[in-house]
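Each remark here refers to the structure printed beneath this line.
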Amino acid sequence: MSSGRYQALKGMKDIMPPDIHVWQSVERKAREVFSAFGFREIRPPIVEATGVFTRSIGENTDIVEKEMYTFEDKGGRSITLRPEGTAPVVRCYVENHLYNMPPPQKFYYAGPMFRYERPQSGRFRQFYQIGAECFGSPHPAADAEMLSMLRHFLSGVGLPNLKFQVNSIGCENCRPAFKDSLVAFFAEKIDDLCADCRRRYGQNPLRILDCKVEGCREARKGAPRVTDHLCEDCRVHFEHLLLLLEKLGIPHSVNPEMVRGLDYYTRTTFEVTSENLGAQNAVAAGGRYDRLVKEFGGPETPAVGFAIGMERVVELLKAAVQYDLPRPLAFLAMLGKQAGIEGVLIADRVREKGLWVELGDAGSSLKSQMRRADRLNAQYVFIAGDDELRAGSLKWKRLSDSAEGEVAIQGVVDFLQSLS
RNA sequence: GUGGGCGUAGUUCAACGGUUAGAGCACUGGACUGUGGCUCCAGUUGUUGGGGGUUCGAGUCCCCUCGCCCACCCCA
């Protein structure tokens, strides 16, 4: 608002109380659930050589073409703030020869990503993802495990009713043929397509399938469906995955029109969406990427992963769940210089036990200290004044019901420990 | 990159082109000299985002600019 001072950059936000407590609880839940599935944390750098992203995400995707924060470092190297988490993890996996460990190797990460886009509801230039990657298993069971883990996380955090959509976009054997049949299908309808789709027709015809323009919806009726054009292996893989999802009781729908924005996906892709978000309604998304490790110079290694959009999860949770703000166990009001010294010592002993105590200002009135205790929502107020110090004890008051009592100074720590 | 909406106190918002830009909440103090919340009283808070223009006079109208929000594109 004030224009002369510094502000956070466009699309970047300070995450602070009270929201930070929601963030922390989401992260805690992710670690808990992912650990139960055998995933371990990995923390790659936030900046990578630019090639890590251009080669994996795809040269003519929007991310690479116009959304990356790319700079030159002082040595003239092109470096990029990571726009997504999978490529750095794959780079790490290959660089550290993790393919020599017994498969599958399972990792998760959490942290900021950067994309230079126009911000809008649910979309930021610095945003946070929690992601998971599983290397070394080609089986549909691995895909199912990822989706199951995602569901446990979401319902564990308080979002049990989100929509799961799955699709299979085939592999390098069947996708080219499918693309060809799409191109053939749209060839005679090209005039009915919107300007964007006419461009997509040449670049990435799959994208025409999820265009929202009415004319394009109409034009694609009767278009060939990926799921009808899968090769035998891909078809079996997908059907097995669907069977497992059924058995696991994960409500899902197959959406043959779902397309992902990154080039590296093979076979399974999936997306979890919410109707309570805005236009950017994907809460989490992911899929299988069986060729990426090899492209990074490792051995052929199948893999599957997903990423969760933190601010979207937090947004939904703030609307759905009531969070209790952390509150101090006790507030120590002090009156006069002597009490001011004694009080600091008492509080120090209590805090040593890990209990939250706030100290009042010994120079201000008891009334204002009480008011501060109330605003902090402290459970107990302890009062240290001349009378109390002479008697070697403190008065206490419980703010919820105004109950009062006395406790020996020597016994304050025990007293508070018994309360917490 | 394109389109739309909005910028007034810490915050939520008022103010027909016309006096010194107001109110609720919040904050500080008091009524209650050592007991919070409720009530009452008093007090503090502004480059009306910034710059230019029109006008006797601009928070209000016009232009530029910056920022925020929403949508497209795309995505988590």
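In this note's numbering, the protein residues as written are 6 to 425. Cβ coordinates follow ideal geometry from the N, Cα and C atoms, glycine included. Here the structure is a predicted model, which means the values were calculated and not measured.
query                                                                                                                          : result
Beta-ladder partner(s) of leucine 257, from DSSP                                                                               : Per the sequence shown, residue 257 should be read as histidine rather than leucine. Paired residue(s): Phe169.
Sequence-distant residues of its chain with Cβ nearer than 8 Å to aspartate 238 (five each side left out)                      : Cys176 and Asn178
Three-state secondary structure (DSSP) of isoleucine 20                                                                        : coil
Cβ-Cβ distance between glutamate 72 and glutamate 122 below 9 Å                                                                : yes
Per DSSP, the bridge partner or partners of proline 117                                                                        : Tyr133
Whole-angstrom distance between leucine 424 and glycine 390, CA atom to CA atom                                                : 23 Å
CB contact flag (proline 107, alanine 147, <9 Å)                                                                               : no
For phenylalanine 39, the residue or residues it bridges with in DSSP                                                          : In the DSSP output, where bridge partners are listed per residue, phenylalanine 39 has none listed.
Residue from Arg212, Ala189 and Phe190 with nearest C-alpha to alanine 427                                                     : Nothing in the structure corresponds to residue 427, since the chain is present only between 6 and 425.
With 16 other Cβ atoms within 10 Å as the buried cut-off, status of histidine 242                                              : buried
Span separating the alpha-carbon of valine 417 from that of glutamine 374                                                      : 19 Å
Whole-angstrom distance between alanine 284 and serine 7, CA atom to CA atom                                                   : Caution applies to serine 7, whose pLDDT of 39 falls short of 50 and renders its modelled position unreliable; the value that the coordinates give is listed next. Distance between the alpha carbons of serine 7 and alanine 284: 30 Å.
Leucine 404 in three-state terms, based on DSSP                                                                                : coil
Proximity of isoleucine 68 and phenylalanine 112 at Cβ, strictly below 9 Å                                                     : no
DSSP-derived helix/strand/coil call for lysine 15                                                                              : coil
Three-state secondary structure (DSSP) of tyrosine 74                                                                          : strand
Proximity below 9 Å, CB of tyrosine 104 to CB of glutamine 134                                                                 : no
Segment limits, beta strand (DSSP E) that includes serine 369                                                                  : From DSSP, serine 369 is part of no beta strand (DSSP E); its letter is neither H nor E.
For valine 288 and valine 318, believed in contact at Cβ under 8 Å, the rounded distance                                       : 6 Å
Cross-strand partners of alanine 289 (DSSP beta bridge)                                                                        : Val277 and Ile313
Bounding residues of the alpha helix (DSSP H) (the contiguous stretch that carries isoleucine 62)                              : 55-62
6 Å CB neighbourhood of alanine 378 in its chain, flanking five on each side removed                                           : Phe336 and Val386
Option nearest glycine 266 by Cα separation, candidates Arg380, Val259, Glu244 and Gly292                                      : Gly292
Residue nearest to glutamate 77 in terms of C-alpha spacing, selected from Gly56, Ser61 and Gly90                              : Gly56
Inter-stretch contact at 8 Å, needing at least 3 Cβ pairs: the region 292-301 / the region 261-275                             : yes
C-beta atoms of phenylalanine 119 and leucine 86 nearer than 9 Å                                                               : yes
8 Å contact criterion, which lysine 323 and valine 27 should meet: CB distance rounded                                         : 6 Å
Neighbourhood of glutamine 131 by C-beta distance below 6 Å, restricted to the same chain and skipping five residues each side : Met17, Pro117 and Phe119
DSSP state of methionine 6 mapped onto helix, strand, coil                                                                     : Its pLDDT being 40, under 50, methionine 6 is placed unreliably in this model, and the value from its coordinates should be taken loosely. Note: methionine 6 maps to coil in three-state DSSP.
Cα-Cα separation between glutamine 327 and arginine 222, rounded to whole angstroms                                            : 40 Å
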